[in-house]
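Engineer: Encoded as structure tokens, here's the structure I'll be asking about.
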Amino acid sequence: MPEHHIEAEQARASDDVLRVENVAKRFGPVTALRDINLHLRKGEVLGLLGDNGAGKSTLIKIISGFQKPDEGRIMLRGEEVELKSVDHARSLGIDCVYQDLALVNELSVFQNMFLRREKVKKPIPFLANKAMKQDTRAALDDIGVNIPRIDVPVARLSGGQRQAIAVARTVTSDAEIILLDEPLAAMGAKEGAMILDLVARLRAEGRVSIIMIAHNYVHVLESCDRVNLIQEGEITFDKPTADTSVEELNDIVVEEYRRARIAAVGGDGRTGG
Amino acid sequence: MRRFLTLREGSIIVVTVLAIIYFAIKTDTFFTHDNFINLLPYFAPYAILAVGEVMLMVAGEIDLSIGSVFLFAPYMFYEFNNAGLPLTADLILALACCAVVGIINGVFTEVIGVSSFITTLGMLLGLGGLTLIISHAQPVAMPGAEVTSRTVQVEHVVNGATVTLPEKVNEVGTFAKIFGAGTYSQLIWALVIVIGVQLLLTLTRWGMYTIAVGGNKLGAREAGINVRLTVIRNFVMCSVFAGLVGIFEAMRTSSVTPDTAGASETMFRAVSAAVIGGTLLAGGEGTAIGALFGALFLGVLRDGLTLQGVNADYLDFILGIAILLAMVINIYVGRVRKGSGRA
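The listed protein sequences derive, respectively, from chains X and Y.
The first sequence maps to residues 41 to 313 in my numbering.
The second sequence maps to residues 3 to 345 in my numbering.
In structure tokens form, the structure reads like this:
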């Protein structure tokens, strides 16, 4: 394993809104997470980097209650919690924007915004569409997302607009911990900038804590307070973004790639290269 | 007009109206009250079956077993009545049995993970067989649908003189009249159920979650929607509707015959009505109003062709072509809808 320095931050555990301790997860013969230790401070934006298959998405799914860990524990505001379901995690203030967005193409923008949090009328529980439209419009304006029509199916929107809706949905749900799973995937520069602006605004507000999975180091260094790197199911790197650089991150990943190539070619890792 | 045509159910409404106009011009008898009454059994039961199917198809599933449930329910009704229970209790218990069938379909599909096509194909055959066993393959008279005759004295005026003559009046009980035997009973049920399901689909959480599950199952699950509950309750609703229609039809004809082949055909007509109405087999989109018109279209076609004296052998052939044509129109209109961005 690489011998990169991992910062011990035990002394500041009291600031942590979320701690993941010794979490492991296997799918049959495949070990997705080996031993994950991660912490998130209040108001912080934590960037999570890692190769494809390193375990980023699995970790996000565990924190959001979608999957249960085989081992380890999750501490929320200093107390151990067992996340039973997505609903349960959400009730505790953890919400996630998944890579596949969890948007339903056939439903309209405002219906997607309120999916699972619908407003209904009384006494007959019909959907309160008018109220939901108004709130959606207000929420989108509030976070500076421009969607011209909110009563059309989201299938008609661009990738950036869809991502913005997914993020806006999470932000407006009063979540305290927001997980963003590759929010800039498959997005043009202009649309990506819209999402990064959104993250910057949330970071400045400091109300929510964010874990953002990303591929692009520049994005991470620009919009995050701290960066963690996952390699083969473990966090191998943890530094404030101010103390690292694109070059340092790049070197680590190049090194990992080199070792992976050697392993693929065969031998004990010394004979090749 | 363009906007109306691009509504999901717009094309089938137009096609149905065109078919009605065609038969009204081509035959003298189509646009008469008597023929309207004749048309009802070709249409109302299928509309109810089809809307149950619509909800399942929106959820991305299908229920082929409604054919057998349609036969099974009246036999259960008969058995409960034989056990000495009153008619209302027979109805409730028979429908409860149908609900159990729906739960089994739902559990196999969503919990065990067998595709609904296979699950309900198995249920279609299995439950059809069970109905044959229960019934010993014998037709039975429907309890509560017995026709009672009584004689009434009717005054006639003949050549200025008042003459009182006896006349025979045939009647069925109130229960049977409400549940299928009354002339307009099934039409009223169909309209109420179709409107109810349309509201359920478009204005409630149930409907919204059903669309979400059919449109993006993983996304729905990630959003925290209970996918199993959503699918299972639509299976239950579909099954209960099928049982209800089975009892209606048995009441209307005052007997029930264990005709499993006919029951399968009933199922296929109901599925056709839903699909013609503009509901996608792929899930995520559908319309109960469309299914009503899909059923009406099939009924009008069948009735109109019969009135025209078309040889019965040609009926299904023409129906088949009509279904394909209607689907082509639907797909074309669907493209226009998505392309134009229906503003």
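Note that beta-carbon positions come from the ideal geometry of N, C-alpha and C, so glycine has one too.
Quick check on the DSSP output: the alpha helix (DSSP H) that includes X:G199 runs from which residue to which?
Structural biologist: Walking along the first sequence from the start, residue 199 of chain X turns up at place 159. It spans G199 to V211 - the alpha helix (DSSP H) in which X:G199 sits, taken as one unbroken run.
Engineer: For a cutoff of 7 angstroms on Cβ pairs, would you count X:F315 as touching chain Y?
Structural biologist: Any answer about residue 315 of chain X is impossible in this case: the structure gives chain X only from 41 up to 313.
Engineer: Inspect the CB distances between the stretch 81-91 of chain Y and the stretch 137-147 of chain Y and report whether three or more fall short of 8 angstroms.
Structural biologist: Taking 8 angstroms as the limit for Cβ pairs, the verdict is that the stretch 137-147 of chain Y does touch the stretch 81-91 of chain Y.
Engineer: Any beta-carbon of chain Y closer than 7 angstroms to the one on X:V126?
Structural biologist: Here residue 126 of chain X corresponds to residue number 86 of the first sequence, with the count starting at 1. Cβ-Cβ to chain Y under 7 angstroms: yes for X:V126.
Engineer: Mind checking who X:D175 pairs with in its DSSP beta bridge?
Structural biologist: To locate residue 175 of chain X, count along the first sequence from 1; it is residue 135. Beta-bridge pairing links X:D175 to no other residue.
Engineer: Assign Y:F72 to one of two classes, buried (16 or more other C-beta atoms within 10 Å of its C-beta) or exposed (fewer than that).
Structural biologist: Residue numbering aside, residue 72 of chain Y sits at position 70 when the second sequence is read from its first letter. Buried, because 16 or more other Cβ atoms sit within 10 Å of the Cβ of Y:F72.
Engineer: Just reading off the beta strand (DSSP E) that Y:V154 is part of, what are its end residues?
Structural biologist: Here the question's residue 154 of chain Y lines up with position 152 in the second sequence. Where Y:V154 is concerned, the enclosing beta strand (DSSP E) stretches over T150 to V160.
Engineer: Counting only beta-carbon atoms, is X:N186 nearer than 7 angstroms to chain Y?
Structural biologist: Translated into the one-based positions of the first sequence, residue 186 of chain X becomes position 146. It does not; no Cβ of chain Y falls within 7 angstroms.
Engineer: Listed in chain order, which residues of the stretch 143-159 of chain X have Cβ atoms closer than 7 angstroms to some Cβ of chain Y?
Structural biologist: Listed by position, the residues of the stretch 143-159 of chain X near chain Y (Cβ gap below 7 angstroms) are L143, V144, N145, E146, L147, Q151, L155, R156 and E158.
Engineer: Tell me which residues share the same chain as X:E47 and place their Cβ nearer than 8 angstroms to its Cβ, disregarding the 5 neighbours each side in the sequence.
Structural biologist: In the first sequence, counting from the first residue as 1, residue 47 of chain X sits at position 7. Because X:E47 carries a pLDDT of 47, less than 50, the predicted location of this residue cannot be relied on, and no value is offered for it.
Engineer: In the structure shown, what three-state DSSP assignment does X:R266 receive?
Structural biologist: The sequence position of residue 266 of chain X within the first sequence is 226, counting from 1. The answer is strand: DSSP assigns X:R266 an E or B state.
Engineer: In whole angstroms, what separates the C-alpha of Y:G198 from that of Y:E224?
Structural biologist: Taking the second sequence and counting its residues from 1, one reaches residue 198 of chain Y at position 196. Taking the second sequence and counting its residues from 1, one reaches residue 224 of chain Y at position 222. In a straight line, the C-alpha of Y:G198 is about 29 angstroms away from that of Y:E224.
Engineer: With H, G and I counted as helix, E and B as strand and the rest as coil, what does DSSP make of Y:R337?
Structural biologist: Translated into positions along the second sequence, residue 337 of chain Y becomes position 335. Residue state, collapsed to three classes: helix.
Engineer: In whole angstroms, what is the alpha-carbon distance linking X:G118 and X:V57?
Structural biologist: Position 78 of the first sequence, counted from the first residue, corresponds to residue 118 of chain X. Position 17 of the first sequence, counted from the first residue, corresponds to residue 57 of chain X. About 7 angstroms.
Engineer: Apart from the five residues just before and just after Y:I398, which ones in its own chain have a Cβ nearer than 7 angstroms to its Cβ?
Structural biologist: Chain Y is shown only over 3 to 345; residue 398 of chain Y falls outside these bounds and no answer can be derived.
Engineer: Answer yes or no: do Y:Y44 and Y:R304 have a C-beta to C-beta separation smaller than 7 angstroms?
Structural biologist: The sequence position of residue 44 of chain Y within the second sequence is 42, counting from 1. The sequence position of residue 304 of chain Y within the second sequence is 302, counting from 1. Against a cut-off of 7 angstroms, the Cβ pair of Y:R304 and Y:Y44 comes out as a contact.
Engineer: In angstroms with no decimal places, state the Cα-to-Cα distance between Y:P168 and Y:I39.
Structural biologist: Mapped onto the second sequence, residue 168 of chain Y falls at position 166. Mapped onto the second sequence, residue 39 of chain Y falls at position 37. Their backbone Cα atoms lie some 28 angstroms apart in a straight line.
Engineer: Determine the DSSP secondary structure at Y:A26, reduced to helix, strand or coil.
Structural biologist: Mapped onto the second sequence, residue 26 of chain Y falls at position 24. Of the three classes helix, strand and coil, the one that applies to Y:A26 here is helix, per DSSP.
Engineer: Tell me whether Y:E63 sits in a helix, a strand or coil according to DSSP, three-state version.
Structural biologist: Your numbering for residue 63 of chain Y matches position 61 in the second sequence. The answer is coil: DSSP assigns Y:E63 none of H, G, I, E or B.
Engineer: Closest by CA to X:R113, which one among X:V85, X:T98 and X:N77?
Structural biologist: Against the first sequence, residue 113 of chain X aligns to sequence position 73. Of the listed residues, the one whose Cα sits closest to X:R113 is X:N77.
Engineer: By how many angstroms is the C-alpha of Y:L193 removed from the C-alpha of Y:A352?
Structural biologist: Lying outside 3 to 345, the shown extent of chain Y, residue 352 of chain Y is not represented and no answer is given.
Engineer: Where does the unbroken beta strand (DSSP E) through X:E295 begin, and where does it stop?
Structural biologist: Looking up residue 295 of chain X in the first sequence gives position 255. First-last for X:E295: V286 to V305, but that is the alpha helix (DSSP H), not the beta strand (DSSP E).
Engineer: Does the distance from the CB of X:S104 to the CB of X:A129 come in under 7 angstroms?
Structural biologist: Locating residue 104 of chain X in the first sequence gives position 64, where the first residue counts as 1. Locating residue 129 of chain X in the first sequence gives position 89, where the first residue counts as 1. Closer than 7 angstroms, so yes.
Engineer: For Y:L282 and X:V207, I'd like the C-alpha separation in whole angstroms.
Structural biologist: Within the second sequence, the letter at position 280 stands for residue 282 of chain Y. Within the first sequence, the letter at position 167 stands for residue 207 of chain X. About 30 angstroms.
Engineer: What does a CB cutoff of less than 6 angstroms around X:A303 pick up in its chain, not counting 5 residues either side in sequence?
Structural biologist: Here residue 303 of chain X refers to the residue found at position 263 when the first sequence is read from its first residue. Within the same chain, X:A303 has no close Cβ partners at all.
Engineer: Using the C-alpha atoms, what's the distance from Y:A183 back to Y:T255?
Structural biologist: Residue mapping note: residue 255 of chain Y aligns to position 253 of the second sequence, counting from 1. Residue mapping note: residue 183 of chain Y aligns to position 181 of the second sequence, counting from 1. Approximately 7 angstroms between the Cα atoms of the pair.
Engineer: Going residue by residue through the stretch 58-122 of chain X, where are the continuous beta strand (DSSP E) segments of at least 3 residues, counting only ones entirely within it?
Structural biologist: You should have 70-81, 85-90, 111-116 and 119-121.
Engineer: Note down, in chain order, each residue of its chain lying with its Cβ closer than 6 angstroms to the Cβ of Y:T398, except the 5 sequence neighbours on either side.
Structural biologist: Look at the range of chain Y in this structure, 3 to 345, and you will see that residue 398 of chain Y is not part of it.
Engineer: Going along chain Y in order, which residues have a C-beta closer than 7 angstroms to the C-beta of X:F106?
Structural biologist: Here residue 106 of chain X refers to the residue found at position 66 when the first sequence is read from its first residue. Those within 7 angstroms of X:F106 in chain Y are E224.
Engineer: Using only CA atoms, which one of X:N145, X:K65 and X:N62 lies nearest to Y:G286?
Structural biologist: What you label residue 286 of chain Y is simply residue 284 of the second sequence in a count that begins at 1. The residue with the shortest Cα to Cα distance from Y:G286 is X:N145.
Engineer: Which residue marks the beginning of the beta strand (DSSP E) containing X:I134, and which one marks its end?
Structural biologist: For the purposes of this step, residue 134 of chain X is taken as residue 94 along the first sequence, with counting starting at 1. Element bounds for X:I134: I134 to V137.
Engineer: Taking the DSSP output, what are the residues bridged to Y:P168?
Structural biologist: By one-based count along the second sequence, residue 168 of chain Y stands at place 166. DSSP lists Y:Q155 as partners of Y:P168.
Engineer: Does any C-beta atom of chain X lie closer than 7 angstroms to the C-beta of Y:G288?
Structural biologist: Residue mapping note: residue 288 of chain Y aligns to position 286 of the second sequence, counting from 1. Not an interface residue.
Engineer: Express the C-alpha separation of Y:I331 and Y:D65 in angstroms, rounding to a whole number.
Structural biologist: Start at 1 with the first residue of the second sequence, and residue 65 of chain Y comes out as number 63. Start at 1 with the first residue of the second sequence, and residue 331 of chain Y comes out as number 329. Answer to the nearest angstrom: the Cα atoms are 25 angstroms apart.
Engineer: Hey, is X:A51's beta-carbon within less than 7 angstroms of any beta-carbon in chain Y?
Structural biologist: The residue labelled residue 51 of chain X in the question sits at position 11 within the first sequence. Caution applies to X:A51, whose pLDDT of 42 falls short of 50 and renders its modelled position unreliable; the value that the coordinates give is listed next. Not an interface residue.
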